[in-house]
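Structure, as C-alpha cells:
Chains as they are written, first to last, in the numbering used here: chain A, 204 to 712; chain B, 1022 to 1123; chain C, 0 to 124.
Structural data, given as C-alpha cells:
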C-alpha cells in the first residue's frame, strides 16, 4: 500500500465543490480585485504610479456598485455558504451606502493625501480593504463571518488613523484606536464563544430560534452583553466612546470622516444583524441594555459637544450623540421589530450623506484657515458663500430641521419608539426630543460663527476648492436635500425588506 | 445545552480572560498591554475549543483559526505603531500618549 | 493472513526510510560542501555565529531596529500558514477547486512580499 493511498483513505469522503453564486459575490470580488490591483500597480510603478491611485480606487468603488445594482434589479434573495452569507434588499442597500461613502472618502482624500507627502498606494489599498470588510459585514449572518468582517474593516482603519507617521498626535490617534479596538474585539469574541457554547452553532438564524425558545440563562446574558459591548466601542456609544474624539482629532481629516461615517455604520450593521437576526428573543435583556446605551450616548455626547472649540472634536461628540439617536430604536427592538429596524436603516443612510458633507466642508475650509478651531471659520460667508451655505445645510440636517434629510431620519426614529407603545418607548421619545433641542444649539452656534462673526485675520482671499472636493460636497448636499424633500424614496426601499422572520424571533410560539 | 463540557476549561478561559483584561487596564507598558490582549484572545480560544470538543462541532475550532490569524495581524500593526512612537520618544508608556485629552 | 505485528513494523518501515533519507540528504549536502569549499582556517571563523554581529560585550545590548521589520513580516507569513495545513490534509479530496483557491490565497500573500521587496523593506542598510 502506498503512502498516498493511505492518505487518500484517511481524508474521508470525497469533497463536493461548493456551488458558489458568483453574481451574489461580485461586489466583493470586484473590490478585492481592485485592491490587489492597486498593490500591484504600486509595487511596479512606485513613484510614477502615485497620481493613478485615487482614480483607480474611485473607479473600483463605482465598479463594485454595478453588481449591487444588477442584484437589486433582479431582486431575489440569495443565501450562500449554508446561511452564513445572505444577499437581500437590506444588505444590498447597506452595501450601496458603504460603496458610495467610500467613493466620497476617496474624493475627500484625493488632494489631502496627494499634497501631504504621504504614501498614496497604501492609503487607497487599505481604504479599499476596509470597505471590503464593511461590504462583507452587510451580508454576514454568522458569528465567525461577522468577526472576520469586523477585523478586516478595523485593522486597516488603525493604520489609516496613524497615517501621518511623523506626527505624534497621529501616532497617538492610531494607538488609542488600536488598543480600544483590540480590547473591544476580545470582549466581543469572548461573548461569541459563550453564545456558541450555549447554542452549538455560529449561524445567527438557528441562534435566533434557540434564543427565542430557551428564555434567559446566565451564560446567554453574559454572552449577549459582551457581544453588544464589543460593538458599542465600534459605534462609539457612551461609556465606550473615549477613543473617538482623540482619534478623530489626531487622524488625517478624511480618515476621521471615514471612521465617523463608514466605520460607525459598519458597527451598526453588525448590531442590526446580531440583534434582529439573532438576539431578538432575549428582549428582556437587549431592550434595557440598549435603552441605557442610547440614553447615555445622547446626553453625554450632546452635553460635551456644547463646550468644544475644535470643529473635529465637536463633530466627534456630535457623532457620539448621533450614535445615541441610532441606538434609540434598538430600545424597542423586540416590541416593534419591523418599524424599529427600518428606522435605524433610514437614519444610517441619511447620516452617511449629511455627516460626510460636514466633514467635506471642514476639509475645504481648513485648506485656507489651516486650523480646526471653530473660531477660525468666522465670517466664512464673506469669502466662501457657497461653502457656508453647504455647511449650514449639513449642520441643520444633523440637527433635524425640515425639509433636510436629518429631519426625516429623526422623525423615523421618533415614530418607531412611539409606535412600539411601551413605556420605555414613550420615555425614549421624550429623551430623543430633548436631545434634538440641545443638539440644535451647538450646530446653530457653528452656523452663526460662519455667517455673522468677523473674519479673524481679515484675510478675504477665496478658498480654492479642488474639483474632487467640490463634487463630493455637491453630491452629499444633493442627497441630504433629496432625502428630506422626498422621504418616500427611502421609504420605498425599506418597505421592500423581507422581514418575515422577525415575528418568529420576537414573539415565539 | 452544554452537557459534556468540562467546567475546568471554561474556568481556565474565564480566569485568563480576566487576567488579560485587568492587565490591559492596569499596566502602562505598551508591550505588556499587547501581551494582555494576546492573553484575552487565547482565553477566547480555550473557551471555543472546549465548547467545540464538547459539542462535537467543528465551528468552534474554525473560529480559533481566524482568531489566531487576526491576533497576529493586530499585534503586527500594534508593534509597528509602538516602533513609530518609540522613535519620537524612547521608552514611552501609555501615559505618554496623552497629547489630546478626551 | 497478515500478522498485525508485521503490519505495524511495516508502517514503521516508512518512518525509518524517511529518517534514513533525511540523514542521507543532510550528510550529502555537508559532504558536498566539505569537498567543494576552500579551506582557510582563521581564528574569527571559530567564534559563535550570532546573525552576522560580533558576539562581544554585554548581552542586554539594544538590537537593531531593522530586525523588527523582518520579525513583523515573519510573524505575518508564519501565521498565515495556519490556513494551509488543514487544506493540505485534504488536498486530494478538494481537487482542482482547492488548488485554485489556494493559488489565489498564496498569490495575495506573495503580493505582500513583492510589495515589501519593491518598497525596499527587505534591503539591509
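Virtual Cβ for every residue (Gly too), placed ideally from N, Cα, C.
Using only CA atoms, which one of the options lies nearest to residue i?
i	options	result
residue 605 (chain A)	A:687, A:294, A:622 and A:298	A:687
residue 481 (chain A)	A:464, A:382, A:574 and A:406	A:406
residue 348 (chain A)	B:1041, B:1081, B:1058 and B:1044	B:1081
residue 659 (chain A)	A:543, A:647, A:585 and A:593	A:585
residue 439 (chain A)	A:426, A:624 and A:504	A:504
residue 252 (chain A)	C:123, C:122 and C:118	C:118
residue 622 (chain A)	A:241, A:536 and A:500	A:536
residue 517 (chain A)	A:588, A:354 and A:598	A:598
residue 646 (chain A)	A:235, A:557 and A:285	A:557
residue 661 (chain A)	A:256, A:334, A:710 and A:578	A:578
residue 574 (chain A)	A:453, A:304 and A:391	A:453
residue 390 (chain A)	A:379, A:380 and A:435	A:435
residue 693 (chain A)	A:552, A:281, A:617 and A:461	A:552
residue 465 (chain A)	A:502, A:491, A:522 and A:444	A:522
residue 105 (chain C)	C:121, C:90 and C:79	C:79
residue 555 (chain A)	A:249, A:225, A:299 and A:275	A:299
So, for residue i: in the same chain, excluding its five sequence neighbours on each side, which residues have a beta-carbon less than 8 Å away from its beta-carbon?
i	result
residue 1027 (chain B)	1071 and 1075
residue 653 (chain A)	580, 581, 582, 583, 584, 591, 594 and 595
residue 1096 (chain B)	1055, 1058 and 1059
Run down chain A in chain order and give the residues with a C-beta less than 7 Å from the C-beta of residue i.
i	result
residue 113 (chain C)	246
Going along chain A in order, which residues have a C-beta closer than 8 Å to the C-beta of residue i?
i	result
residue 1033 (chain B)	Here the premise fails: no neighbours, minimum Cβ distance about 13 Å.
Could you tell me which chain A residues have their CB closer than 9 Å to the CB of residue i, listed as they occur along the chain?
i	result
residue 117 (chain C)	245, 246, 247 and 249
residue 1048 (chain B)	In chain order: nothing, as chain A lies at least about 11 Å away.
Taking the Cβ atom as the reference point for each residue, do residue i and residue j lie within a distance shorter than 9 Å?
i	j	result
residue 290 (chain A)	residue 283 (chain A)	yes
residue 677 (chain A)	residue 571 (chain A)	no
residue 615 (chain A)	residue 550 (chain A)	yes
residue 600 (chain A)	residue 683 (chain A)	yes
residue 700 (chain A)	residue 345 (chain A)	no
residue 1100 (chain B)	residue 11 (chain C)	no
residue 183 (chain A)	residue 431 (chain A)	Residue 183 (chain A) falls outside the range modelled here, since chain A spans only 204 to 712, and no answer is possible.
residue 620 (chain A)	residue 629 (chain A)	yes
residue 1064 (chain B)	residue 1034 (chain B)	yes
residue 1098 (chain B)	residue 361 (chain A)	yes
residue 1103 (chain B)	residue 1117 (chain B)	no
residue 443 (chain A)	residue 304 (chain A)	no
Output needed for residue i: all residues of its chain with C-beta closer than 6 Å, excluding positions within five of it in sequence on either side, in chain order.
i	result
residue 1022 (chain B)	Annotation note: pLDDT 45 at residue 1022 (chain B) (below 50); position unreliable, no value reported.
residue 34 (chain C)	none
residue 456 (chain A)	566
residue 484 (chain A)	414, 415 and 708
residue 398 (chain A)	426
residue 423 (chain A)	401
residue 270 (chain A)	229 and 230
residue 538 (chain A)	623 and 625
residue 204 (chain A)	Confidence is the limiting factor: at residue 204 (chain A) the pLDDT is only 41, short of 50, which leaves the residue's position unreliable, though a coordinate-based value still follows. Here the set comprises nothing.
residue 233 (chain A)	266 and 267
residue 1039 (chain B)	none
residue 656 (chain A)	581 and 582
residue 437 (chain A)	470
List the residues of chain B that residue i touches, going by C-beta distances under 8 Å, in chain order.
i	result
residue 82 (chain C)	1086 and 1090
residue 404 (chain A)	1078 and 1080
residue 386 (chain A)	1042, 1045, 1058 and 1061
residue 347 (chain A)	1080, 1083, 1084 and 1087
What in chain C is Cβ-close to residue i, meaning under 7 Å?
i	result
residue 1100 (chain B)	71
So, for residue i: in the same chain, excluding its five sequence neighbours on each side, which residues have a beta-carbon less than 7 Å away from its beta-carbon?
i	result
residue 530 (chain A)	440, 493, 496, 497 and 500
residue 675 (chain A)	307, 310, 311 and 563
residue 458 (chain A)	363, 364 and 366
Taking Cβ-Cβ distances shorter than 7 Å, what residues in chain B pair up with residue i?
i	result
residue 41 (chain C)	Ordered by position in chain B, no residue passes the 7 Å Cβ test against residue 41 (chain C), which lies about 37 Å from the chain.
residue 358 (chain A)	1094, 1095 and 1098
Cβ closer than 9 Å: which chain C residues qualify as neighbours of residue i?
i	result
residue 1067 (chain B)	Those do not exist, as residue 1067 (chain B) stays about 17 Å from chain C at its closest Cβ, beyond 9 Å.
Chain E beta carbons: is any one of them nearer than 9 Å to that of residue i?
i	result
residue 1026 (chain B)	Included in the structure are the protein chains A, B and C, with no chain E among them.
Report the neighbours of residue i on chain B: residues whose CB is nearer than 9 Å to its CB, in chain order.
i	result
residue 25 (chain C)	Going along chain B, no residue has its Cβ under 9 Å from residue 25 (chain C), so there is no contact; the nearest lies around 31 Å.
Of all the residues that make up the region 1084-1095 of chain B, which are near chain A by a beta-carbon distance shorter than 7 Å? From the region 1084-1095 of chain B, only 1084, 1087, 1088, 1091, 1094 and 1095 have a Cβ closer than 7 Å to chain A.
Closer than 9 Å, Cβ to Cβ, to anything on chain C: give me those residues from the region 228-241 of chain A, in chain order. Under the 9 Å Cβ criterion, the region 228-241 of chain A contributes 235 and 239.
Return the residues of the region 97-112 of chain C that lie within a Cβ-Cβ distance of less than 9 Å from chain A, sorted by chain order. 97, 106, 107, 110 and 111
The region 364-378 of chain A: positions lying closer than 7 Å to chain B by Cβ: Answer set for the region 364-378 of chain A: 365, 368, 371, 372, 374, 375, 377 and 378.
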